[in-house]
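In what follows, a structure is listed as structure tokens, so that the remarks can point back to it.
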Amino acid sequence: MKRLFYSMLWGALMLSLMFGISNAKANTQSVLYGLRAEATLTTLLANGDNSTTLYAFLTSENGSGIDGERVRFALQEGRAYLSTPQVGSIATLSGNQGQETEIAVDGVNIGNGVYVARMRAGTVAGTVTIAAEWLSSPDNPIPVATVSIDLVTAEQITVRVDDTDVVNDGVDTATIIAYVVDGLGRPVENADVRFRIVNGAGTITPITRSTRPADSSTAATLPYEVMIEGTRGRYAALYRSATTPGQATIEVSLPTITNPIRATTTINVVEASNLSAVALPVTVGRLSGNSRPKPENTSVILVAVRDGDGDLVSGLGANDLEADIISGPGDVVGFDEITINGEGTGVYSFTFIASEITGPSVIQIVDVQSPGVPRTELTINTVTEVSPGIIDRVVLESFADEPFFSDGESEALIVALATDVDGNAIRGLEDAAEFSLITGQGRIQERGTEILNSLTREGTGIYVSQYTSGTAGRDTTVDIRATFSATNGDVVTGTTVLDLSTLREPEVVVFPNTIPTNRVVRSVIDIYDVNDQFLNSNITNRYSVNIEAGPGEIITQPNDDGIFPDLVAGDNISSAIYEINEQAASNQNVQLRITDRGIAGIGTTDANLSIGAETRILAVVSPDPADAGEMAEIIAFAQDEFGLPAIGHELVVTVVSGSASIVNGGRMVDDGSNILGFRDAFGDDGAYVGAVDISGVATGTVVVRITDLTPPSQPSTDVIITIAR
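This is how it looks when you write it as structure tokens:
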């Protein structure tokens with residue numbers, strides 16, 4: 105009966121131009137056959153290795169697959185290789201691909217109107233379009249159906265640096281981490297990732313750690329590979345600064361044959377120290393003959409020393425800073441660090457002594473201990489005589505880290521000097537200067553401390569206080585007032601403004617960001633302190649990580665001590681480990697909350713990772729529509745969360761509704777074998793073949809369900825089978 109039907113069908117096709125195809129280029133009012141093209145995988149890595157099975161389904165309108173035809177698979181767009189391996193062979197075994205071509209191959213008819221071939225990805229990312237062409241069709245033009253496969257970049261590199269500014273002392277370092285995934289988002293292990301300096305000076309050294317057994321065949325790590333107890337795909341290096349300022353450009357590359365990848369990052373090598381100086385007052389009187397210097401013949405030079413990160417540097421000695429007159433009269437003596445409550449402030453003082461000669465004096469201060477020997481200059485004027493009058497104004501200076509963070513513990517030195525209308529210092533006041541906070545948050549030491557002249561050990565009229573920042577979630581300012589009371593009862597005030605920068609939230613990298621389910625899997629949580637701000641708190645582990653939503657546990661809280669999972673002690677990266685077990689539910693997001701325990705009042709930071717779907721199933725019925733009283737073949741394309749073939753799973757078919765029954769116990773196969781005459785084209789390609797028996801009285805539709813019994817959640821999909829009229 106089947107052969108008789110085919111003869112009648114060919115006659116109808118030859119006599120009428122009104123007939124056409126479904127899912128093809130030609131369409132008419134009456135549809136006598138259908139041509140459909142599919143692929144087991146529609147996303148492949150452009151690595152020259154990944155492959156997929158191509159399917160063409162040729163079906164008559166009365167529910168019969170059309171066999172014995174010539175159906176060709178032709179490459180229309182993109183770079184790929186086509187072949188027709190032996191039917192029943194295992195797709196994952198090397199050498200089974202058969203002879204390949206970049207043009208076209210004739211599909212292999214495996215029965216029931218199904219034609220197959222294989223496609224191997226090329227090495228160029230982009231879209232590959234494959235056309236299934238019914239060459240033996242009597243139609244003109246011939247029926248064509250297409251399927252598109254996306255080829256994605258084989259590897260991707262993301263590079264992060266913990267500190268983009270290092271000082272030029274030949275000691276300061278920056279940690280560089282490269283996160284490498286393939287185009288499907290999977291971490292890439294054993295990649296030949298290379299770090300090199302392509303511009304600028306400095307050195308690169310690898311950071312490696314392996315906890316794999318020494319007798320493992322994969323125990324050896326590549327120079328920059330970091331293997332830590334189940335985590336992979338991270339590659340790390342340490343950049344050590346040069347001794348000259350400039351920029352260093354580091355290239356991170358993966359020199360694969362198919363798709364070389366390069367990424368660069370720039371690190372600034374800055375002066376190990378920077379100086380700023382101020383003289384109080386800027387005008388002094390000349391000495392008279394051989395008389396002993398008096399306070400009005402001297403000026404206090406205050407020098408702030410900041411490191412390359414802008415932080416004030418305390419603890420320098422007399423041999424580290426030098427102050428000399430490079431032009432003009434006078435002399436510079438003495439050296440002291442300004443202290444508050446016994447603690448150094450990073451601000452140092454020298455004393456300028458006038459001579460009998462009047463005129464400007466240029467003083468140069470040099471940091472001789474810094475590799476770049478930075479220097480700064482200021483000018484003090486010596487006049488014939490100074491005669492301080494009554495208090496008229498207040499000179500107010502502040503010295504703080506740059507930027508000055510509102511972290512609740514950063515400190516600034518506030519310096520105040522009362523002067524007359526001509527800027528001459530007023531000394532010998534009965535009451536010390538009083539400091540107060542007008543606006544903003546923080547704490548101020550209210551009663552100032554007078555600086556003594558290092559030469560005469562008399563009072564200088566310069567008072568210092570210390571401001572400690574408050575905590576704020578935004579950039580802000582504070583106004584600080586210094587108040588002087590004169591002997592005649594007059595009160596004079598001066599105000600200075602400090603700009604405070606809020607500590608930015610840390611940047612968090614969760615790697616990998618998508619993890620598979622149905623197994624024990626880990627992700628590394630790298631927390632980058634983008635502020636590069638050392639806190640004086642005694643907290644060993646500054647950050648904590650909690651799971652706000654989703655399964656899993658934090659098996660190692662973040663630390664920065666160089667011990668698993670941290671890479672380098674004392675850098676700006678703290679690392680933690682997240683883990684799920686095989687019981688975790690699939691297809692959900694995990695929300696992580698990172699708290700900076702060293703800073704009161706600072707908000708938390710959220711990060712997310714995804715747990716992939718256990719199995720994604722797309723099912724195709726052949727023939728479609730199906731014939732009542734016959735068996736219908738069902739082919740299920742099963743993929744894991746990364747879009748790869750779900751190999752070795754147990755898939756079954758059940759009837760949800762309609763007049764049909766299962767065969768072979770509902771079991772589906774992906775081993776290249778037969779089920780009651782229905783052939784699995786290739787084993788281990790992710791295409792599972794099963795069948796249901798449609799009853800002779802079936803009408804309308806039959807709904808079947810394909811279920812993957814392997815994952816704990818047993819994902820499924822329903823398929824509607826249309827019964828031919």
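Read the sequence shown against this note's numbering and you will find it ends at 829, with the numbers running on by one and no gaps. Think of the CB as a built atom: it goes at the ideal place given N, C-alpha and C, for glycine as much as any other residue.
Here G306 is buried, its C-beta having at least 16 other C-beta atoms within 10 Å.
Going by C-alpha positions, T268 is about 13 angstroms away from I281.
Pairing R264 with P616 gives a Cβ-Cβ distance that is not under 9 angstroms. Per DSSP, the beta bridge partners of F161 are R140 and V218. Under DSSP, N663 forms a beta bridge with S679.
Fewer than three pairs of CB atoms, one per stretch, sit closer than 8 angstroms, so the stretch 741-755 makes no contact with the stretch 233-243. Judged by pairs of C-beta atoms under 8 angstroms, the stretch 581-597 does not touch the stretch 620-628, as fewer than three such pairs exist. In the DSSP assignment, M735 falls within the unbroken beta strand (DSSP E) covering M735 to Q743. With a threshold of 16 other beta carbon atoms within 10 Å, A653 falls short and is exposed.
When the beta-carbon positions are compared, D411 and V634 stay at least 9 angstroms from each other. A Cβ-Cβ distance of about 6 angstroms is found for the pair A785 and V191, placing them in contact under the 8 angstroms criterion. F454 is bridged by DSSP to I405. Checking the DSSP bridge columns, you'll see V374 partnered with V271. The three-state secondary structure of E426, taken from DSSP, is strand.
Put simply, of T462, A427, E534 and G476 the residue whose alpha carbon is nearest the alpha carbon of T455 is A427. Looking only at D415, L197, V451 and G593, the smallest Cα-Cα distance to E506 is reached by D415. Rounded to whole angstroms, the separation of the alpha carbons of R224 and T309 is 39 angstroms. Taking 9 angstroms as the cut-off, the beta carbon of N768 is found no closer than this to the beta carbon of G790.
In its chain, beyond the 5 residues on either side, F454, T455, I457, S558 and L559 have a beta carbon closer than 8 angstroms to the beta carbon of V437. DSSP, read as helix, strand or coil, puts G747 in coil. Beta-bridge analysis with DSSP links R479 to V470. Distances from the alpha-carbon of A750 to those of V251, I253, A717 and I429 put A717 closest. Shortest Cα-Cα distance from V499 to any of R222, T587, G546 and T580 involves T587. Judged by pairs of C-beta atoms under 8 angstroms, the stretch 797-806 touches the stretch 757-767, as three or more such pairs exist. Pairing P349 with S474, the inter-Cα distance amounts to about 12 angstroms.
Under DSSP, L755 takes part in a beta bridge, and its partners are D812. The three-state reading of DSSP puts E686 in coil, since its state is none of H, G, I, E or B. Look at P310 here: in three-state DSSP terms it is strand. Between A143 and T157 the beta-carbon gap is near 7 angstroms, inside 8 angstroms, which marks them as a contact. Per the C-alpha coordinates, the member of G215, L420 and D435 positioned closest to E441 is L420. Within 10 angstroms of the beta-carbon of S569 lie 16 or more other beta-carbons, which makes it buried. For the set S627, P662 and Y571, the Cα lying nearest the Cα of P610 is the one of P662. If you check the CB distance, F161 and Y219 come in under 9 angstroms.
Per DSSP, the beta-bridge partners of P291 are V285. Between the alpha carbons of Y571 and V373 lies a gap of roughly 31 angstroms.
Between R344 and A278, the alpha-carbon positions lie close to 7 angstroms from each other.
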